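Novice: Per my numbering, residue 34 is the first one in the sequence shown, and the count goes up by one each step.
Positions of the beta carbon are idealized from the N, C-alpha and C atoms, including for glycine.
This one's a predicted model, so the numbers in the text were calculated from it and none came from an experiment.
The structure is given below, and queries will be raised subsequently.
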Amino acid sequence: MNIELKGNPDLIRSVEEGSRLLLSEHKSSEEKVLTVLLEEAPESKSTSITKEGNSCHICFREPVQYFRIFNYVLHHSEEDFSLEERPFFEKRGFMLDCSRNAAASPEKLRSIVCRLAKMGMNQLFLYMEDTYEVPGYPYFGAYRGRYSQKELMDLDKWCTLFGIELIPCIQTLAHLHNFLRWQSSGNLKDTDDILKAGSDEVYIFIRSLLESLRSCFSAENIHIGMDEAHMLGLGNYLKENGYEPSSGIIEKHTEKVLELCRETGWTPMMWSDMYITSNTGGGYYDVPASADTSNWKKPPKGLGLVYWDYYNTRKAVYQNMLHVHSSLSDRVIFAGGLWNWNGISPNYGKAFCCSRLALQACRQAGIQEVFATGWMDNGAETPIDAIYPGLAVFSFLCFHEDLQEKELAAYFRDCVDGDLEDFLLLDSLDALFKGPGKNLTADNPSKYLLYQDPMLGIFDWHIREIETGSYYKTLADKLKKAGETSGKYQDLFRFYYDLSLVLSQKADLGLRIKGAYDAGDLSTLKEISEKVIPRILQDLAEMHAAREKLWFADAKPFGYELLDIRLEGVKTRLKSCQRRLWAYLSGKISRLEELEQERLPYWDLKGAKPQDPKAELRENLWDKIISGCGLIDTV
């Protein structure tokens, strides 16, 4: 298929190259020419299209809304139709975490931009704690895959082709432990994670950050972070200045950073939690509905306040928090979550539930800026493509009042080139206890049952009555079938198929070993050592290779070394377990002391079963999963 653009010359120039790029992505055997007449829509009117035969008439004001409709035309070129739509939110974005050990490759980011254009999303936030180049600070982002200034400039130009605003999302207070670890950063440090507010040297550093980014980005919006600085003023700041309430420190620091933003040409926004918690002295989401905010310390005018909430499953919480934020700032931005950070597997049920409730509340409150976050907590173990169902739902709700199953599935195919039903199988990896789509407590057994040591069985108490073997084998069979027809996502499904195979044998391995040991069942121990563990090792090797292939298709190489070590650690401990069993079976040792350790509950569920909707069985910290001993035991 080819296209011929006609109409307003300015509109043609704004979308011509992007149209041809989307057309090149669209596989079609049709040789016809599609004539597209472009017209600027009045400000008060919606984007609209009328298509008849090989001609269509598109009225739009915002280029990305044109691309959303143009993509629909490409996938429904045999149909005649008329439609119009208006987004509920002026700004609709997606934030990708590029700081939790995986810095997405420029190629991957360009492919994400194309999908955002198809979805009508007009902002891409790059979350970069220290993963961008800052002249004069060679240790900033060292060994972390930081983006060069040229890479960021090239990506900014790519985004411009589709009418998408590329926004740096950085940190100017906390979450900088990777940079502050270096000796050269000593003078900038309050605590291991937080900059020393009030220091002239710190503000010289922050100016350098802002100036470096200013040379790369065409947009004026910047996210300056400043969340979760819980130990603010309690490190070197305390030694040098004495105690000062964190609310006063962050107020002065924010004013100084805003001054630097103005001087370097930025329009800033920041996470809101430090303003909420410093005013209440309580938790971020624990503000009473009756709270009087009239005497609260408020952010300066011109600072966007980002209310982030990925967790709550009650609409009233969102409504209350939006009300509180609106009393503090005239620019409230909402950030939701895609729940791709649950461990190794995504949690679509949680993401869908929270997005529906949050965006309904945002519509009703008149919020005009929203974005979805794709964090990569604890080492970016979930492949990037797993974001797409959550992102599709979030973007769908920017244009529709609620989810319609059939329409959503078609929308997913049009924008992602995948089958939504197949992708939703990934939700089952962590639905062992609650069931697919119902894992609102964000249990993540696929992670801790993969990594836990079979000789220790730290999590075994909680799966004593769960049939893990058949559960994960059935899931593996479904994933294998889905992978056969998944096209460009074949490698993604292959990884999760291999993971499910590993879990079908390894999840309850500790229970089987300890049960046989306690019963003196030497034949079962022999079978485990000679047949079961070798089979797991074979499947694990396949899984490891699949994950490596995905990583290098998604991200820069930096950070993969840690995932490599984790997966090789599973292999090493399985082989060690095998040697221990052999030593016991051969009579070289008389007992296996680790199997005589009583298996204790990891979580106190107050007598509830793991299937209880309120029972939380989540542990996402690898160093806590692998051992009862400390990985780091010195100060």
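May I ask you to verify whether the region 297-316 touches the region 342-350, counting CB pairs closer than 8 Å and requiring at least 3?
Specialist: Cβ pair count under 8 Å is below three, so no.
Novice: Excluding five sequence neighbours on each side, which residues of the same chain lie with their C-beta closer than 8 Å to the C-beta of Gly51?
Specialist: Sequence index remark: in the sequence shown, residue 51 carries index 18 (1-based). Cβ within range, chain order: Pro96, Phe100, Ala150, Leu194, Phe195, Gly196.
Novice: Rounded to the nearest angstrom, what separates Lys331 and Ser362 at their Cα positions?
Specialist: Stepping through the sequence shown from its first residue, residue 331 is reached at position 298. Stepping through the sequence shown from its first residue, residue 362 is reached at position 329. The alpha-carbon atoms of Lys331 and Ser362 are separated by roughly 7 Å.
Novice: Cβ of Ala368 within 7 Å of Cβ of Asp455?
Specialist: Position 335 of the sequence shown, counted from the start, is the residue given in the question as residue 368. Position 422 of the sequence shown, counted from the start, is the residue given in the question as residue 455. Their beta carbons are not under 7 Å apart, which means Ala368 does not touch Asp455 by this criterion.
Novice: From Ala230 to Asp223, what does the alpha carbon distance come to, in whole angstroms?
Specialist: Working through the sequence shown from its first residue, we reach residue 230 at position 197. Working through the sequence shown from its first residue, we reach residue 223 at position 190. Cα to Cα, Ala230 sits roughly 8 Å from Asp223.
Novice: Taking Cβ to Cβ, would you say Cys92 is nearer than 7 Å to Val106?
Specialist: Here residue 92 refers to the residue found at position 59 of the sequence shown. Here residue 106 refers to the residue found at position 73 of the sequence shown. It is not a contact, given that the beta carbons lie outside the stated cut-off.
Novice: Pull the bridge partners of Met303 from the DSSP assignment, please.
Specialist: The residue you call residue 303 lines up with position 270 of the sequence shown. Looking at the DSSP assignment, Met303 forms a beta bridge with Leu338.
Novice: Measuring alpha carbon to alpha carbon, tell me which of Met307, Pro469, Phe526 ends up nearest Met576.
Specialist: Counted from its first residue, the sequence shown places residue 576 at position 543. The option with the nearest alpha carbon to Met576 is Phe526.
Novice: So, are the CB atoms of Val357 and Val320 less than 7 Å apart?
Specialist: In the sequence shown, residue 357 corresponds to position 324, counting from 1. In the sequence shown, residue 320 corresponds to position 287, counting from 1. For Val357 and Val320, yes; Cβs fall inside 7 Å.
Novice: Should Phe122 and Cys387 be called a contact, given that it needs their Cβ atoms to be closer than 7 Å?
Specialist: Counting from 1 along the sequence shown, the entry for residue 122 is found at position 89. Counting from 1 along the sequence shown, the entry for residue 387 is found at position 354. No.
Novice: Express the C-alpha separation of Ser81 and Leu67 in angstroms, rounding to a whole number.
Specialist: By 1-based counting over the sequence shown, the position of residue 67 is 34. By 1-based counting over the sequence shown, the position of residue 81 is 48. Cα-Cα distance, rounded: 17 Å.
Novice: Closest Cβ-Cβ distance between Lys334 and chain B: below 7 Å?
Specialist: The structure shown contains no chain B; it holds only a single protein chain.
Novice: In the structure shown, what three-state DSSP assignment does Ile257 receive?
Specialist: Counting from one through the sequence shown, the residue named residue 257 turns up at place 224. DSSP places Ile257 in coil when its eight states are reduced to three.
Novice: In the region 106-179, which residue ranges form an unbroken beta strand (DSSP E) of at least 3 residues, counting only runs that do not cross its ends?
Specialist: Fully enclosed beta strand (DSSP E) runs of 3 or longer: 114-118, 124-130, 156-160.
Novice: Is it the case that the Cβ atoms of Asp587 and Ile400 are separated by a distance below 7 Å?
Specialist: Looking up residue 587 in the sequence shown gives position 554. Looking up residue 400 in the sequence shown gives position 367. No; because the gap between Cβ atoms is not below 7 Å, this pair is not in contact.
Novice: Just the C-alpha distance for Gly258 and Asp226, rounded to the nearest angstrom, thanks.
Specialist: What you label residue 258 is simply residue 225 of the sequence shown in a count that begins at 1. What you label residue 226 is simply residue 193 of the sequence shown in a count that begins at 1. Their Cα atoms are separated by approximately 13 Å.
Novice: Tell whether a beta-carbon distance below 7 Å holds between Tyr165 and Trp215.
Specialist: Numbered from its first residue, the sequence shown carries residue 165 at position 132. Numbered from its first residue, the sequence shown carries residue 215 at position 182. No.
Novice: Are Phe114 and Lys84 close, meaning C-beta to C-beta below 7 Å?
Specialist: For the purposes of this step, residue 114 is identified with residue 81 of the sequence shown, where counting begins at 1. For the purposes of this step, residue 84 is identified with residue 51 of the sequence shown, where counting begins at 1. Against a cut-off of 7 Å, the Cβ pair of Lys84 and Phe114 comes out as a contact.
Novice: Looking only at C-alpha atoms, which of Ser248, Trp655, Lys621 sits nearest to Leu596?
Specialist: Taking the sequence shown and counting its residues from 1, the one referred to as residue 596 is at position 563. Nearest of Ser248, Trp655, Lys621 to Leu596, Cα basis: Trp655.
Novice: Does the count of Cβ pairs from the region 133-142 and the region 405-416 closer than 8 Å reach three?
Specialist: Yes, the region 133-142 is in contact with the region 405-416.
Novice: Would you report the Cα separation of Leu482 and Ser609, rounded to the nearest angstrom?
Specialist: Translated into the one-based positions of the sequence shown, residue 482 becomes position 449. Translated into the one-based positions of the sequence shown, residue 609 becomes position 576. Between Leu482 and Ser609, the C-alpha separation is close to 17 Å.
Novice: Compare the C-alpha of Leu336 against each of Cys192, Tyr308, Asp43, Phe492 and name the closest.
Specialist: Position 303 of the sequence shown holds residue 336. If we check each option's Cα against that of Leu336, Tyr308 comes out closest.
Novice: Measuring straight from C-alpha to C-alpha, what distance separates Ser248 and Tyr276?
Specialist: The residue given as residue 248 occupies position 215 in the sequence shown. The residue given as residue 276 occupies position 243 in the sequence shown. The straight-line gap from Cα to Cα measures roughly 38 Å.
Novice: Taking all protein chains shown into account, decide if Tyr180 is buried (16 or more other Cβ within 10 angstroms of its Cβ) or exposed.
Specialist: Start at 1 with the first residue of the sequence shown, and residue 180 comes out as number 147. Tyr180 is buried by the Cβ-count criterion.
Novice: When burial is assigned at 16 or more other CB atoms within 10 Å of the CB, is Gln485 buried or exposed?
Specialist: On the sequence shown, residue 485 is found 452 positions in, with the first residue counted as 1. Buried, by the Cβ-count rule.
Novice: Please report how far the alpha carbon of Tyr236 lies from the alpha carbon of Ile102, in whole angstroms.
Specialist: As a first step, residue 236 is located in the sequence shown; it is residue number 203 there, counting from the start. As a first step, residue 102 is located in the sequence shown; it is residue number 69 there, counting from the start. Answer to the nearest angstrom: the Cα atoms are 45 Å apart.
Novice: Tell me the rounded alpha-carbon separation between Gln571 and Lys564.
Specialist: As a working mapping, residue 571 is identified with position 538 in the sequence shown. As a working mapping, residue 564 is identified with position 531 in the sequence shown. Computed Cα separation, rounded: 11 Å.
Novice: Throw me the rounded Cβ distance for the Leu71 and Leu54 pair, which I believe falls under 8 Å.
Specialist: Within the sequence shown, the letter at position 38 stands for residue 71. Within the sequence shown, the letter at position 21 stands for residue 54. With a Cβ gap of about 17 Å, Leu71 and Leu54 do not count as contacting.
Novice: Would you call Phe585 buried or exposed, if buried means 16 or more other Cβ atoms sit within 10 Å of its Cβ?
Specialist: Within the sequence shown, residue 585 is the residue found at index 552, counting from 1. Classification of Phe585: exposed, given that the 10 Å Cβ count is below 16.
Novice: Mapping the DSSP letters down to three states, classify Asn411 as helix, strand or coil.
Specialist: Against the sequence shown, residue 411 aligns to sequence position 378. Residue state, collapsed to three classes: helix.
Novice: According to DSSP, is Leu267 part of a helix, a strand, or is it coil?
Specialist: As a working mapping, residue 267 is identified with position 234 in the sequence shown. Coil, per DSSP.
Novice: Taking the alpha carbon of Pro120 as the reference point, which residue from Met154, Ala616, His109 has its own alpha carbon closest?
Specialist: Within the sequence shown, numbered from 1, the residue matching residue 120 stands at position 87. The candidate whose alpha carbon is nearest that of Pro120 is Met154.
Novice: Does the beta-carbon of Cys448 have 16 or more other beta-carbons within 10 angstroms, so that it is buried, or is it exposed?
Specialist: As a working note, residue 448 is residue 415 in the sequence shown. Buried, because 16 or more other Cβ atoms sit within 10 Å of the Cβ of Cys448.
Novice: Since Lys39 sits in a beta bridge, which residues does DSSP pair it with?
Specialist: The count along the sequence shown starts at 1 and reaches residue 39 at position 6. Partner(s): Leu70.
Novice: CA-CA distance, Arg28 and Val603?
Specialist: Because the chain spans 34 through 668 in this model, residue 28 falls outside it and cannot be assessed.
Novice: May I ask you to report which of helix, strand or coil DSSP gives Pro416?
Specialist: Against the sequence shown, residue 416 aligns to sequence position 383. Looking at Pro416 - three-state DSSP - the assignment turns out to be coil, as it is neither helix nor strand.
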